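Report on one structure; see the data block that follows.
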Amino acid sequence: ATSGEVKIGGYDILEQPIQAKKLIGYLPEIPPLYEDMTVAEYLNFICDLKGIRKKTEKESSINEVTEAVKISDMKGRLIKNLSKGYKQRVGLAQALIGNPPLLILDEPTVGLDPLQIIEIRELIRQLGQTHTVLFSSHILSEVQTICDQILMIAHGRLAAFGAPDELES
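Residue numbers for the sequence shown follow my numbering, so the first one is 1 and each next one is one higher.
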């Protein structure tokens, strides 16, 4: 950073990175999954990374996130054998481990078939009821479908901010 500051939940991301990062769930465009693990093994590993150590807490957290993203019946399957849509759901589940209040989703529907896009959009809308969701996309129709508020950034500066219908006009 050359100037300014970023705080998440009151924690400065540079001075208190561990505390700040615990408040963030991140899903990159291509989730970094360990494809030779089962879904349950991978999410157990993510629990370890996020400091969830107690067996009962892990099981509870994994059950909650797999239920939320509708992959409970996939926990015993190897990730490499899942469709792209289910891999996205596993990526979203890992972002939800620890119930962070802020979710950052980067192009979460890229490469999905039309039915998977509809399902993931609905899931993101539901998550928006209980989380702050920062959703990045270049597809304007998708942004209008999912988002309540839109920030447009051009050349590192805020270009527009408002509700989808306000910005359309």
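C-beta atoms are modelled at their ideal positions from N, C-alpha and C, and glycine is treated no differently. Since we're looking at a predicted model, the values are computed, not measured.
Worksheet item: Looking at the unbroken beta strand (DSSP E) that takes in Thr132, where does it start and where does it end?
Response: Position 132 of the sequence shown, counted from the first residue, corresponds to residue 132. Counting along the chain, the beta strand (DSSP E) containing Thr132 begins and ends at 132-136.
Worksheet entry | Straight-line Cα distance separating Gly10 from Ala93 | The residue given as residue 93 occupies position 93 in the sequence shown. The residue given as residue 10 occupies position 10 in the sequence shown. Ala93 and Gly10: Cα-Cα distance of roughly 25 angstroms.
Worksheet item: Do Cys147 and Ile97 have their CB atoms nearer than 7 angstroms?
Response: What you label residue 147 is simply residue 147 of the sequence shown in a count that begins at 1. What you label residue 97 is simply residue 97 of the sequence shown in a count that begins at 1. No, the pair does not count as a contact, with Cβ atoms beyond the cut-off.
Discussion item. Taking contact to mean 3 or more Cβ pairs, one atom from each stretch, closer than 8 angstroms, check whether the stretch 14-25 and the stretch 52-61 are in contact.
Written reply: The stretch 14-25 makes no contact with the stretch 52-61, as fewer than three CB pairs between them are under 8 angstroms.
Item to complete: State yes or no: is the C-beta of Leu127 nearer than 6 angstroms to some heavy atom of the ligand GDP?
Response: The model depicted lacks the ligand GDP and carries no ligand whatsoever.
Item to complete: State buried or exposed for Tyr34, treating a residue as buried only when at least 16 other CB atoms are found within 10 Å of its CB.
Response: Numbered from 1 along the sequence shown, position 34 holds the residue referred to as residue 34. Tyr34 comes out exposed.
Discussion item. Under DSSP, the beta strand (DSSP E) around Leu102 begins and ends at which residues?
Written reply: Along the sequence shown, read from residue 1 onward, the residue named residue 102 stands at position 102. For Leu102, the enclosing beta strand (DSSP E) has its first and last residue at 102-106.
Worksheet item: Just the Cα atoms here: how many angstroms apart are Ala40 and Lys70?
Response: Against the sequence shown, residue 40 aligns to sequence position 40. Against the sequence shown, residue 70 aligns to sequence position 70. Cα-Cα distance, rounded: 13 angstroms.
Discussion item. If I measure Cβ to Cβ from Leu127 and keep anything under 7 angstroms in the same chain, skipping five residues before and after, which residues do I get?
Written reply: Position 127 of the sequence shown, counted from the first residue, corresponds to residue 127. Leu103, Val133.
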